[in-house]
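> Chains as they are written, first to last, in my numbering: chain D, 1 to 513; chain P, 514 to 1026. Think of the CB as a built atom: it goes at the ideal place given N, C-alpha and C, for glycine as much as any other residue. As the structure is a prediction and not an experimental result, all values here were calculated from the model.
#1: Would you kindly work out how many angstroms separate the C-alpha atoms of residue 788/P and residue 631/P, rounded to a whole number?
#2: Whose C-beta lies closer than 7 Å to the C-beta of residue 773/P among residues of the same chain, with five residues either side of it excluded?
#3: Rounded C-beta distance between residue 438/D and residue 476/D? I'm assuming under 8 Å.
#4: If we define contact as Cβ-Cβ less than 8 Å, is residue 250/D a contact residue for chain P?
#5: Using the beta-carbon of each residue, which ones in chain D are nearer than 9 Å to residue 970/P?
#6: For residue 705/P, report the span of its beta strand (DSSP E) as first-last.
#7: For residue 638/P, count the other beta carbons within 10 Å of its own beta carbon; 16 or more makes it buried, fewer makes it exposed. Which is it?
#8: Is there at least one Cβ from chain P nearer than 8 Å to residue 131/D's Cβ?
#9: Would you kindly check if the distance between the Cβ of residue 251/D and the Cβ of residue 780/P is under 8 Å?
#10: Mind pulling the chain D residues with CB within less than 8 Å of residue 843/P?
#11: On the DSSP bridge list, what partners appear for residue 423/D?
#12: With a CB to CB cut of under 7 Å and the five nearest residues on each side skipped, what residues in its chain are close to residue 395/D?
#13: I need the straight-line Cα distance from residue 58/D to residue 79/D, nearest angstrom please.
#14: For chain P, check one thing: does any of its Cβ atoms lie closer than 8 Å to the Cβ of residue 411/D?
#15: Where DSSP assigns a beta bridge to residue 774/P, which residues make up the other side?
#16: Show which residues of chain P have a CB atom less than 9 Å away from the CB atom of residue 365/D.
#17: Out of curiosity, what's the CA-to-CA distance linking residue 514/D and residue 807/P?
#18: Is residue 851/P close to chain D, meaning its C-beta is less than 8 Å from at least one C-beta of that chain?
#19: Flag residue 244/D as yes if its beta-carbon sits less than 8 Å from any beta-carbon of chain P, otherwise no.
#20: Going along chain D, which residues have a C-beta under 7 Å from residue 837/P?
#21: What residue range does the beta strand (DSSP E) around residue 590/P cover?
#22: In terms of DSSP beta bridges, what is residue 602/P paired with?
#23: Counting only beta-carbon separations shorter than 8 Å, does residue 873/P have a partner in chain D?
#24: Using the beta-carbon count (16 or more within 10 Å), is residue 851/P buried or exposed?
#25: To the nearest angstrom, how far is it from the Cα of residue 578/P to the Cα of residue 992/P?
#26: Got a sec? Which residues, its chain only, sit under 7 Å from residue 1002/P by beta carbon, not counting five neighbours each side?
#27: Would the beta-carbon of residue 679/P fall within 8 Å of that of residue 1015/P?
#28: Out of 1025/P, 854/P, 1019/P, 980/P, state which residue places its alpha-carbon closest to the alpha-carbon of residue 693/P.
#29: Using a Cβ-Cβ cut-off of less than 9 Å, give me the residues of the segment 341-354 of chain D that come near chain P, in sequence order.
#30: Please identify the residue among 737/P, 880/P, 936/P, 949/P whose C-alpha is closest to the C-alpha of residue 986/P.
#31: Provide the residue(s) that pair with residue 451/D in DSSP beta bridges, ordered along the chain.
#32: Three or more beta-carbon pairs under 8 Å between the segment 950-966 of chain P and the segment 912-921 of chain P, yes or no?
#33: Report yes or no: do three or more beta-carbon pairs, one from the segment 204-219 of chain D and one from the segment 321-340 of chain D, lie closer than 8 Å?
#34: Is the beta carbon of residue 191/D closer than 8 Å to that of residue 92/D?
#35: What's the gap between the Cα of residue 775/P and the Cα of residue 345/D?
#36: For residue 177/D, which beta-bridge partners are listed by DSSP?
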């Protein structure tokens, strides 16, 4: 039995589509069951191509392979942005007979940098394991499960480990498998298909805006679907309609020019570690409340529909507390509600020494690394201005480079600020025709009610697609939440890949508005 | 002309001693001028013996050499505490004809650990330079200045660089040179002399209490003079009558069991870096005020004589602010007054990552390294109890080992405390007969008024001598304040060594009460 989403008034449409969708899904699953080895082999091959920022040749090789796969399937395929200083963006386009809508499927083929010493296996030599790490899992030689007699050779709880396997190569492989399944079944897409596979999302997408601007005509469409991000922690499929923005700040607070014996000078020479602590405590409390005046100026309230969607989210807070080993959460709100607010996170603090190296000394500097999560309609410029006004009101002298002695001597509190501009948030309309159509199509393919999230807590530069291409943006992630995204031992749970193929097939076959 | 101290009512005595003292000093200086090369060579030799905790053989070799030098001078000399687990303490004793008082001269022959990469030259191969580092100084080959025709071959602003050269080997060399000078002049000491040269002061003197207890009879005396520490920043000679106590604490604050993407979990999963900042700000403000209830219980007020001595100290605050590049001091008191209070210093903070490595994540732990400076009559046990009560009142669960998952889940705020017990302060009577006698004798030898400091801000375990040996304790440092003690490029300014020889000679020759 299939589930339908009840949150967004899409149930009538979903019910109408349901009968045909169930039949389609059976056929897609049959195709997938017969081709699991090929599908996993494609992901394995793609993971072996080292598409990380440190390896431009690996990125290029990946782009070439992706373009080839698109051409093999009849797409018109190009590499955009070549020679622009970054890796190419792979673009593909395929007209569907009779379709009057065009949908772009976005994903990125680059992965986060790796620290191989932290991995249990080579990040670029995928390893199949029978489950998550530290779950009494064992390694699986999946070449053994090939063969004509194996009906369901892959246990769906198995996981493939490797860099970018989940973030986002799984999305690309699921798209291709769904396309192949529809073709095998003889079902034509209901919309014209475009793909946009970026190669430097993990480096902050520095060339994406230019690529979009330079190729507006090519990228004409009615909707862009974002394949990035994990599904809900409840393992239910998820659709998101926005993402928080992000910006970061590194602050260096200056004490004496050299470390001083605190017996001789403590209590008198200002201690930058204490100044840093005091400053952080003035900026936010340990319940997550931001205390900077004006920081939240321009925050747009949630609409009633968004509030309802938040209330309908599966409650996983107690499970997560156990998983993370925490005895409380900050504030009194649920996780889901907390993520709808702006956030001020301390990523790190460095001052003096601790442990064996700790000397009885006053440190020379304290460094605090912050990141801020923005919500609509905060702007990075306004947040920066609010933080700087706050610091000045508290008596800080702000500098943007290493201060000289004169600057030190005339400042009671001296702080060096290094901003990374970041980008704003996006939260799109849950009730648009496109939104209803995507929710309906995804619900038909899903084996559990689809989670409708008004905005992800994490940041994806969705605003760019909205701003530059003037397109509705909807997020449609497929991978498991516990995929170790951005960390060592990134992995993909096979059931998530299977579900993702169903979802993509349903969207390609049924999407319409 | 000689200066006399006016602070402590010792001026009459000082005046009476003055005439003979001036004559003595001339003779000591003449002796020293003729033997400068030998004296510096002795310090050079001693510095080449690697007497650091990491080199037990070097410590033993140093002790052997020191014992030899005492024996050569007619002292009865022993190594105390051999086989007790630490390096030996060198003890020497010499009766003076007709003397009715016995004075112990204490110093330590071990030096702080070294990080050779931070040094400009090998820490154990002394280098003479024409001044402090970064003062357009140049290296001096002082073997060139030997020779019968050089009247004053050593520029007194030259500095010898090497580990322990200043802290405390200069004190030992000055004692020996002063003794040799008196002998050459034919002047007998006015007191019976004992020396106590410790080999693990820089490791926290873990065996000193036992050594003192085991050798009470041998160490019978009327006064102990401590050769450790620098003279006043004004370069005036200094006598101190106490030292603050010290204890330290490393606190680990627990967040989630693994680092979490702060986009998905920030504002909800408690951030240990923020908890650490909040805690520090609650413990003390950035003006140096300690906010822990009961922390200052038992603080003994300064006596009128001590207050007068503080007011009479040379004011160097503005000079130091320029030297240290700071635009303000904590609080509104002078440096001298600030150091009479207890202090809470943050030695270091470590949480998450900063700079290039900063990830958008909630750190798993925050570590804070504290040290506390105690004043009479605070006890380390009472300070520890006050800190722990404070934490419990603020809702912290205290543990002394790595917490398991159950402990994490049931604690809203979890902190691991690692205490290092430390020791209490000592502040002795400025007006005792011994105090007056030492001030008078040192004033006679000094080329500027002697600074009388009721208590050093830094910590030396003076309380042990007072507690175990029941002796009056007076500090008589000789080395320059800018000697880079405990850091790289430790150095001794030669004029301080010359002055120190005068001071020791005056004390041996004139001390009486």
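Let me spell this out:
#1: 34 Å
#2: 782, 874, 875
#3: 7 Å
#4: yes
#5: 261, 262, 263, 264, 265, 266, 267, 268
#6: 705-711
#7: exposed
#8: no
#9: no
#10: 267, 268, 269, 270, 271
#11: 246/D
#12: 412, 413
#13: 15 Å
#14: yes
#15: 874/P
#16: Per Cβ cutoff of 9 Å: no residues; residue 365/D is ~11 Å from chain P at best.
#17: Outside the shown range of chain D, which is 1 to 513, sits residue 514/D, and nothing can be said about it.
#18: yes
#19: yes
#20: 256, 257, 260, 269
#21: 589-593
#22: 593/P
#23: yes
#24: buried
#25: 22 Å
#26: 632, 633, 646, 674
#27: no
#28: 1019/P
#29: 341, 342, 343, 344, 345, 346, 347, 348, 349, 350, 351, 352, 353, 354
#30: 737/P
#31: 238/D
#32: no
#33: no
#34: no
#35: 7 Å
#36: Residue 177/D pairs with nothing; no bridge assigned.
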